[in-house]
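To start, the structure under review is shown below, and the notes come after it.
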Amino acid sequence: MNSRIRLFFISLLAFALLGAACSKTPAQKDSATASQTAARSTIVFMTDFGTANDAVAICRAVIVGIAPDARLMDITHQVTPFQIEEASRFLAGVTPYYPAGTVFLVVVDPGVGTSRKAVAVKSKKGQYFVLPDNGIISPVIDRDGLDSAREITNPNWMIQAAVSSTFHGRDIFSPAAAHLAAGTSSGLRFRSSFASLRSPPPPPKKASTATSSASTIPTARSSPTFPATNSRNSATTSATRSRCKSIKNQ
Numbered sequence: 285m286n287s288r289i290r291l292f293f294i295s296l297l298a299f300a301l302l303g304a305a306c307s308k309t310p311a312q313k314d315s316a317t318a319s320q321t322a323a324r325s326t327i328v329f330m331t332d333f334g335t336a337n338d339a340v341a342i343c344r345a346v347i348v349g350i351a352p353d354a355r356l357m358d359i360t361h362q363v364t365p366f367q368i369e370e371a372s373r374f375l376a377g378v379t380p381y382y383p384a385g386t387v388f389l390v391v392v393d394p395g396v397g398t399s400r401k402a403v404a405v406k407s408k409k410g411q412y413f414v415l416p417d418n419g420i421i422s423p424v425i426d427r428d429g430l431d432s433a434r435e436i437t438n439p440n441w442m443i444q445a446a447v448s449s450t451f452h453g454r455d456i457f458s459p460a461a462a463h464l465a466a467g468t469s470s471g472l473r474f475r476s477s478f479a480s481l482r483s484p485p486p487p488p489k490k491a492s493t494a495t496s497s498a499s500t501i502p503t504a505r506s507s508p509t510f511p512a513t514n515s516r517n518s519a520t521t522s523a524t525r526s527r528c529k530s531i532k533n534q
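Residue numbers (the working numbering): 285 to 534.
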């Protein structure tokens, strides 16, 4: 009798342990999936839009509509307008402090509305970059290496409305970054190389103290200079001669 009771409890304990193991396995899988999603749920945003308008807020709203759980962080929105070299320097300085899976969204885009490409780039560090193909990414790729890249052309990755020719930050770059952060990038196949990634332009020359509109006015170095005393003496001599002539004529 005792042996039967003991066998019953051992069997019950075995079933309980098996049930716990089965219920734990999906949780572990969900935990691993959640951790992978969390590693790609940070979007780091930089623009030259400034903060005295609604452009940044509109882009953020687009992102939240697609990836509501994404964490949004900023580098700056005060990049000097259209200064690609400045933006590339800020981006290269910040990226080492973020982990793999971070999505960097950069909109400094003097070529908006032209044939320049909108691209998504993945570095060998495992970070993602959504930005115009104008050289901003080049310093990062030179340092971290290019894993893969592709042009953003799929309408499903853009805003679900008519795409503006002047606000690609809202209509193309923000939606694409949000899809990457949300983990819905299964349809985005990255190529192993992307030859059109451009190098940044050379840094702008140091600005002159003169404005461009005044650059044609001769400076003190190019104009002849005369002592002030000589000018006064010359003026006095001319005046004296004029008076003498007038007296003689009288």
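We put the beta carbon where it would ideally sit given N, CA and C, even for glycine. Small disclaimer: the values here were computed from a predicted structure and weren't measured.
Residue i: first and last residue of the uninterrupted alpha helix (DSSP H) it sits in
i: Ser-372; result: 368-378
i: Val-391; result: Run containing Val-391: none in the alpha helix (DSSP H); it sits in the beta strand (DSSP E), 387-391.
i: Ile-463; result: Checking the sequence shown, residue 463 turns out to be His, not Ile. Unbroken alpha helix (DSSP H) run through His-463: 458-466.
i: Ile-347; result: 339-350
Counterpart residues of residue i in DSSP-defined beta bridges
i: Pro-416; result: Ala-402
i: Arg-326; result: With the sequence shown as reference, residue 326 is identified as Thr, and Arg is not the correct amino acid for it. DSSP, once it has assigned bridges, lists Arg-355 as partnering Thr-326.
i: Ser-407; result: Leu-430
i: Thr-331; result: Val-391
i: Thr-360; result: Met-330
Enclosing beta strand (DSSP E) for residue i [first to last residue]
i: Ser-432; result: 430-435
Chain C within 8 Å of residue i, Cβ atoms only
i: Ser-432; result: Considering every chain present, this structure includes no chain C. It has just one protein chain.
Nearest-angstrom beta carbon gap, residue j and residue i [assumed within contact, 8 Å]
i: Lys-388; j: Asp-358; result: The residue asked about is misnamed: residue 388 is Phe in this sequence, not Lys. That pair is no contact at about 11 Å.
i: Ala-465; j: Ile-327; result: 5 Å
i: Gly-397; j: Ser-449; result: 4 Å
i: Phe-374; j: Thr-360; result: 6 Å
i: Lys-408; j: Asp-428; result: 6 Å
i: Ala-433; j: Ala-404; result: 7 Å
Buried/exposed call for residue i, threshold 16 Cβ in 10 Å
i: Pro-383; result: exposed
i: Asp-314; result: Note on Asp-314: pLDDT 46, under 50, position unreliable in the model; no value is reported.
i: Glu-435; result: exposed
i: Gly-453; result: buried
i: Thr-331; result: buried
i: Asp-426; result: exposed
i: Gln-411; result: buried
i: Ala-494; result: Confidence at Ala-494 is low in this model, with a pLDDT of 34, below 50, so the placement of that residue should be treated as unreliable; the coordinate-derived value is given next. It is exposed - the Cβ of Ala-494 has fewer than 16 other Cβ atoms within 10 Å.
i: Ala-345; result: exposed
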